[in-house]
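All residue numbers for the sequence shown refer to the numbering used here, where the first residue is -11 and numbers rise by one.
We put the CB at the ideal spot given by N, CA and C, even for glycine.
Contents: one structure, followed by commentary.
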Amino acid sequence: MSLLPAHEAALLDAVRRHQRRSRRLTRAAIVVALAVALVVPGVIVLGVHGGRSAGTTEGHRDRTPAPVTNVARPSTPAALLHAYALFRRPRRPGDRLDGQALRFIMRLAPRLPLHVFPQLARGTNLPDGNPVWIVPGPSTTCLIGPTVGECIATGDVASHGFVSEGIAGSTERLTGVVPDGAGKVTFTFGASGRQPVQANVRDNAFEITITGRAHRLHFNGPDGPVSVLL
């Protein structure tokens, strides 16, 4: 379902109000805001991940938030433009956030010091046809869809993609996006001796449900092989 223009305008107003307030936040206030978001009932807790890469790109999550205090004019970061062709094409009707994605961003905007630009979002589809949106920001980028709602550092999304892990009993659902050029992703299981499993990538997106817990994600990115510790 497409987002009505009036609702999108309300969302952008909420984001702008939060951005104006955030300029006055001190680092201490940011820490307090994050702590409150983690404990107040009814508040969506975002998975805010960080990562590093060097040589053959190898990232790992340290769950470090990436707050910004100076709000940039809405523009897609150059790293995302380089890594994802969908950000270089004109926006399409499917790039508009639907109702679920709208609610996620509206809950995000007033409570956490993360700045994203919903008017620059790009949508793609998971293998089952469900939509998923990449919502960019100067330091934080969010992945939002029916089975995912998380934010990580923008540089990480550009260099080694975005994987959301959903655990249900003995199974794990892995949903994500990877930069251009990857036709499939491979998940390995460390020293367990288990054979790797693969998932096809369509328009940068993938989703697969496996038994157990994956250890690493591997794919061929635009700048060479990428290996990410999950």
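Closest by C-alpha distance to residue i, when choosing among the options
i    : options                   : result
V165 : Q183, C130, P184 and F177 : C130
P81  : E160, G125, S127 and W121 : W121
L74  : P62, N113, R61 and H103   : N113
G181 : A193, G200 and P134       : G200
A156 : T135, A193 and F207       : T135
T64  : G87, V123 and L96         : V123
L96  : C139, D86, F177 and L85   : C139
Neighbourhood of residue i by C-beta distance below 7 angstroms, restricted to the same chain and skipping five residues each side
i    : result
E153 : E160, L162 and L218
V69  : The displayed chain sequence assigns Leu, not Val, to residue 69. So the list reads F75 and R76, once near-sequence residues are dropped.
G143 : A67
Contacts around residue i, its chain only, beta-carbon distance under 8 angstroms, and the 5 residues preceding and following it disregarded
i    : result
A66  : none
D116 : E195
S158 : T199 and G200
Contact under 8 angstroms by Cβ, residue i with residue j
i    : j    : result
S127 : A109 : no
Q107 : P78  : no
V104 : G125 : yes
A179 : A71  : no
P167 : G209 : yes
Residue i, DSSP secondary structure in three states
i    : result
S63  : coil
R91  : helix
P126 : coil
P213 : strand
A146 : helix
P119 : strand
L96  : helix
G137 : strand
V107 : The sequence given here has Gln at residue 107, not Val. It is helical.
G171 : coil
S158 : coil
G178 : helix
A73  : helix
G164 : strand
L131 : strand
L85  : coil
L218 : coil
L68  : helix
N192 : coil
A23  : The predicted model places A23 with a pLDDT of 31, which falls under 50 and marks its position as unreliable; any figure quoted below should be read in that light. Three-state result, A23: helix.
Residues of its chain near residue i, where Cβ-Cβ distance is below 6 angstroms and the 5 sequence neighbours each way are ignored
i    : result
I198 : E160 and V185
G111 : G82, D83, P119 and W121
D191 : T112
A202 : F175 and L218
G188 : Here the sequence assigns Asn to residue 188, which means Gly is not the residue at that position. Same-chain partners within the cutoff: K172.
A193 : T112, L114, V120 and V165
F177 : H203
G137 : F92
F223 : This structure gives no information on residue 223, because the portion of the chain shown stretches from -11 to 218.
Q88  : none
(message) Quick test of the definition: if touching needs 3 or more C-beta pairs under 8 angstroms, does the stretch 81 to 92 touch the stretch 160 to 178?
(response) no
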